[in-house]
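Written as structure tokens, this is what we have:
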């Protein structure tokens with residue numbers, strides 16, 4: 042099975058750092074989201090596609106482990122990797138590294154489920170997602 | 042040992058909801074932070090106190106599990122509970138409920154460690170935190 | 042004509058302050074939004090009502106003048122005042138004061154127009170807004 | 042006198058759009074900030090430099106005029122232009138355009154003043170800024 046991933050370099054905004062010049066822990070949620078959108082663009086699995094299919098894929102689980110501070114002026118890089126599963130879920134793993142020395146700044150994951158247009162949990166993968174898995178994972 | 046907790050009612054901003062009128066998953070980081078600040082005010086364990094002591098307490102672990110959607114117009118309520126530990130950490134558990142029927146919207150936790158004024162990890166509790174534990178937990 | 046206004050006390054989040062312990066200038070947009078929502082609740086002019094009427098009221102103009110720094114630990118208070126106009130617009134004025142000495146921290150305004158459900162600019166007030174003005178301003 | 046400007050392409054986050062798929066008006070403050078940081082990198086006038094000089098340059102005035110909606114999927118582009126002034130201020134003008142047809146989405150400006158390390162307003166330009174103007178504007 043192929044590994045699907047995408048890597049993004051990003052800058053820290055001055056407004057994201059606190060009084061220690063360290064990026065706010067909540068900003069990582071945005072970094073993860075940016076990575077997810079970049080993945081969606083690369084592998085054609087974006088929000089607009091899902092909307093067009095009448096499917097909504099909210100997060101049900103989010104975890105972030107902070108390993109070392111991300112300070113203003115650093116050049117961080119985030120890698121998002123698709124974690125294959127047979128469950129009706131989309132799971133991504135994330136790793137943020139300092140591009141200067143490749144040291145790990147943070148890791149984490151997100152789990153998304155599928156809701157139909159009536160906001161009901163879908164117990165099986167929607168057809169477009171099955172087709173997507175066929176196309177990219179085999 | 043006493044259980045230390047604080048409960049806050051809060052409103053969802055219209056700018057926090059997405060196209061499904063559901064609060065953005067990243068906003069929960071702010072709800073947790075507001076709860077942590079309210080706890081700090083109630084039990085005298087705030088950021089300014091720590092700064093005065095030359096101590097910085099960054100998050101090293103954050104987890105949020107989303108159980109049901111939080112929609113615009115709901116009246117959510119968050120409870121933060123201090124989780125006792127012998128490690129040199131501050132651990133909080135969180136639970137967000139719908140005040141209309143007390144159903145659970147989300148749960149989660151945060152773990153903080155202590156850094157000294159040189160940003161080095163403190164392996165033992167700083168004295169002010171030991172004193173705080175003596176005062177409130179016994 | 043009556044003056045319609047609402048006043049809110051609020052707290053500054055630690056995550057909103059920068060390295061000088063001063064609230065980020067962008068946070069004021071949220072303070073204004075919170076004031077607008079409180080006004081909507083008090084005078085029955087909220088987003089959900091407009092949506093129910095098929096009307097969208099986006100901002101077309103925003104101005105904020107910062108008079109003195111808002112620092113962590115201050116107790117700010119925001120007043121929103123409806124500015125009457127014959128144009129098909131909703132105009133609000135805002136004033137943020139330090140509740141300790143009533144000094145002015147910031148002032149500003151927002152101007153909103155009406156779009157119909159096809160996103161076209163409405164040149165005349167929608168009926169629900171005319172009725173609202175009749176009810177509250179006379 | 043030379044015109045100093047910088048232009049950035051940017052993406053809209055899904056979390057920034059509201060229920061009409063339109064970017065939240067508050068996000069523009071971040072777009073302006075990103076443009077200001079890019080300008081600072083290009084012309085060597087960044088926050089870290091100022092900090093090193095003991096100078097803080099907070100915003101005292103912000104205005105944004107929204108001309109047409111910025112929707113998810115659009116490819117916006119922001120241009121920031123330095124507006125020369127003899128006053129002890131930094132003034133920038135901003136213009137956000139749709140790169141598809143070059144139509145204007147929003148315009149605005151920011152005005153910053155200088156505070157010294159005691160947070161007192163500086164009535165004259167700090168030396169590093171005078172030197173910067175000499176270097177870039179003549």
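Residue numbers (my numbering), protein chains in the order written: chain V, 42 to 179; chain Z, 42 to 179; chain R, 42 to 179; chain E, 42 to 179.
Backbone N, C-alpha and C fix where the C-beta goes; we use that ideal spot for every residue, glycine too.
| Item | Value |
| --- | --- |
| Taking the C-alpha atoms as reference points, what is the distance between residue 170 (chain Z) and residue 153 (chain Z)? | 13 Å |
| What is the residue span of the beta strand (DSSP E) that residue 101 (chain R) lies within? | 100-107 |
| Alpha carbon to alpha carbon, how far is residue 78 (chain R) from residue 78 (chain Z)? | 23 Å |
| Output the distance between the C-alpha atoms of residue 96 (chain V) and residue 130 (chain V), rounded to the nearest integer angstrom. | 12 Å |
| So that I know if they touch, is there some Cβ in chain E lying closer than 8 Å to that of residue 102 (chain R)? | yes |
| What would DSSP say about residue 154 (chain Z), mapped onto helix, strand or coil? | strand |
| Given this structure, state the Cα-to-Cα distance separating residue 72 (chain Z) from residue 121 (chain Z), to the nearest angstrom. | 10 Å |
| Ends of the alpha helix (DSSP H) at residue 77 (chain Z)? | 68-84 |
| Just to confirm the assignment: which complete beta strand (DSSP E) runs, minimum length 3, are found wholly within the segment 44-70 of chain E? | 46-50 |
| For residue 104 (chain E) and residue 69 (chain E), which I take to be in contact (beta-carbon distance under 8 Å), what is that distance rounded to the nearest angstrom? | Their Cβ separation, rounded to whole angstroms, is 11 Å, which puts residue 104 (chain E) and residue 69 (chain E) out of contact at 8 Å. |
| In chain R, which residues lie less than 8 Å from residue 56 (chain Z) when you measure between Cβ atoms? | 71 and 74 |
| I'd like the list of long-range same chain contacts for residue 145 (chain R), defined as Cβ closer than 6 Å, with 5 residues on each side in sequence excluded. | 108 and 138 |
| If we count the other Cβ atoms within 10 Å of its Cβ and call it buried at 16 or more, is residue 140 (chain Z) buried or exposed? | exposed |
| Between residue 87 (chain V) and chain R, is the shortest Cβ-Cβ distance under 8 Å, so that the two count as touching? | no |
| Where does the unbroken alpha helix (DSSP H) through residue 170 (chain E) begin, and where does it stop? | 168-178 |
| Ignore the nearest five residues each way along the sequence and tell me which others in residue 66 (chain E)'s own chain have a CB closer than 8 Å to its CB. | 105 and 107 |
| Looking only at its own chain, which residues have a Cβ that is under 7 Å from the Cβ of residue 50 (chain R), when we skip the five neighbours before and after it? | 116, 118 and 140 |
| Tell me which same chain residues have a C-beta within less than 8 Å of the C-beta of residue 59 (chain Z), skipping the five on either side of it? | 65 |
| Please report the distance separating the alpha-carbon of residue 123 (chain Z) from that of residue 57 (chain V). | 27 Å |
| Does residue 147 (chain E) pass the burial test, meaning 16 or more other C-beta atoms within 10 Å, or should it be called exposed? | buried |
| Could you check what DSSP says for residue 135 (chain R) in three-state terms: helix, strand or coil? | strand |
| Would you identify the three-state DSSP class for residue 162 (chain R), choosing helix, strand or coil? | strand |
| For residue 114 (chain R), which of helix, strand or coil comes out of DSSP? | coil |
| Take the Cβ of residue 76 (chain R) as the centre, count every other Cβ of all protein chains shown within 10 Å, and call the residue buried at 16 or more, exposed below. | buried |
| Have a look at Z:87, Z:84 and Z:162 and flag the residue whose alpha-carbon is nearest the alpha-carbon of residue 101 (chain Z). | Z:162 |
| Could you give the distance in angstroms between the alpha-carbon of residue 166 (chain Z) and the alpha-carbon of residue 110 (chain V)? | 20 Å |
| Please return the same chain residues whose Cβ sits closer than 7 Å to the Cβ of residue 158 (chain Z), not counting the five positions on each side in sequence. | 95 |
| Pick out whichever of V:54, V:128, V:44 and V:135 has its Cα sitting closest to the Cα of residue 82 (chain E). | V:54 |
| If we define contact as Cβ-Cβ less than 8 Å, is residue 78 (chain V) a contact residue for chain E? | yes |
| CB residue 80 (chain E) to CB residue 44 (chain E), shorter than 8 Å? | no |
| Among residues of its own chain, excluding the 5 on either side of residue 113 (chain R), which ones have a beta-carbon nearer than 7 Å to its beta-carbon? | 53, 55, 58 and 62 |
| Our contact map puts residue 125 (chain Z) next to residue 178 (chain Z) with C-beta atoms below 8 Å; I'd like the distance itself, whole angstroms only. | 6 Å |
| Please work out which residues of its chain come closer than 8 Å, Cβ to Cβ, to residue 85 (chain E), disregarding the five sequence neighbours upstream and downstream, and give them in chain order. | 173 |
| Using the beta-carbon count (16 or more within 10 Å), is residue 87 (chain R) buried or exposed? | buried |
| On the three-state DSSP scale, how would you describe residue 95 (chain E)? | coil |
| Kindly list the residues whose CB is nearer than 7 Å to the CB of residue 134 (chain E), restricted to its own chain and excluding five residues on each side of it in sequence; keep chain order. | 122, 124 and 150 |
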